[in-house]
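Just so we're aligned: 145 in this note's numbering is position 145 of the sequence shown, and the numbers increase by one with no gaps anywhere. For every residue, glycine included, the Cβ atom is placed at its ideal position computed from N, Cα and C. First comes the structure, then the notes that go with it.
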Amino acid sequence: MIGRSTALICALLPALGSCNSYELFRVSGYEQQSFNNKADVLFVIDNSDSMLEESASLATNFAAFIAEIDTVEQERSYVGLSDAVTNYVDYVQNRSAFVDYRFSITTTDVNTDAGKLVGRTVKRGEANVPERFIDDLVCEATCFSSASVLPTDPGYQCGDPLGDTLSEEYVQCACGASYIGNCGSAVEEGLEAVFLAMCRAVPNPPVECFADVEIEDSNGNLQVYPALVDPSDTLSNPEMLRDDA
């Protein structure tokens, strides 16, 4: 849509020689109205005792992930009308570069967490987004039999940023010296965790959220598994999902 409309407007302005940012500024607001740059992301973490390495890798790489998302705005100039026009036009033409994110965490252990968020939902624009997410990931959703299963970093001081290695000292500072880990079930139910998290996030969950699950076993016997959420859990994940995301 933008390409055709912009070309037409430029064709009507031959005296200017080219289509500059100010002409685009006048019309860009009417383009791509259906685009939504809000992204509500749920991380479903496998907190069984076999996934320590993967969770540690997510923790050590998350800061770089956030930095990559935020780079576009950090590198911009914000001085004067010209910059304002340029930034607005870029926003309209490349809205995917401006991600209004929210990140939440739950685990694959549905018998314990049942889709309930662990830690806090972190949002773009808040202070210390990487640190807050990493601390929730490590302290609330990662299985350690103890902090001592991690490599040591004697030089680490509490408050230092997480480096390339998740160390025993970092976990003790972030989670407390008495931290013993959050080891969940070896039965990993990622899709069920997503479903239950969504049931908790919307104001009018479908009836399936509260229904018992009936499964026929190999002997033809019907096994009934009670529902893991009930109507009282409605909106118990209040910040996970925005209406217009």
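Residue i vs residue j beta-carbon contact at 8 angstroms
i	j	result
Val-149	Leu-52	yes
Ile-45	Thr-121	no
Ala-59	Ile-134	yes
Gly-119	Asp-136	yes
Pro-151	Glu-168	yes
Ala-174	Cys-139	yes
Ala-63	Asp-100	no
Asn-237	Asn-47	no
Gly-184	Asp-233	no
Phe-98	Val-41	no
Paired residues, beta bridge with residue i - DSSP
i	result
Leu-42	Ser-104
Val-213	Tyr-225
Lys-123	Arg-102
Assigned exposure category for residue i - 16 Cβ within 10 Å defines buried
i	result
Thr-251	Since the first residue of the chain shown is 1 and the last is 245, residue 251 is not available in this structure.
Leu-16	No answer about Leu-16 holds up, because its pLDDT of 39 lies below 50 and its placement is not dependable.
Phe-144	buried
Phe-65	exposed
Ser-18	Confidence at Ser-18 is low in this model, with a pLDDT of 45, below 50, so the placement of that residue should be treated as unreliable; the coordinate-derived value is given next. Ser-18 comes out exposed.
Gly-115	buried
Gly-220	exposed
Leu-117	buried
Gly-3	With a pLDDT of 45 at Gly-3, under the threshold of 50, the modelled position of this residue cannot be trusted; read the value that follows with caution. Exposed, because fewer than 16 other Cβ atoms sit within 10 Å of the Cβ of Gly-3.
Ala-56	buried
Leu-235	exposed
Glu-189	buried
Val-251	The structure shown does not extend to residue 251, since the chain spans only 1 to 245, so no value can be given for it.
8 angstroms Cβ cutoff, residue i in contact with chain C
i	result
Gly-220	Absent from the structure: chain C. Only one protein chain is present.
Can you find at least 3 beta carbon pairs, one from the stretch 223-241 and one from the stretch 199-211, that sit closer than 8 angstroms? Cβ pair count under 8 angstroms is three or more, so yes.
Do the stretch 198-206 and the stretch 151-171 meet, that is, are 3 or more Cβ pairs less than 8 angstroms apart? With the cut-off at 8 angstroms, the stretch 198-206 and the stretch 151-171 do not touch.
What are the complete alpha helix (DSSP H) segments, minimum 4 residues, inside the stretch 137-186? Taken in chain order, the complete alpha helix (DSSP H) segments of 4 or more residues contained in the stretch 137-186 are 168-175.
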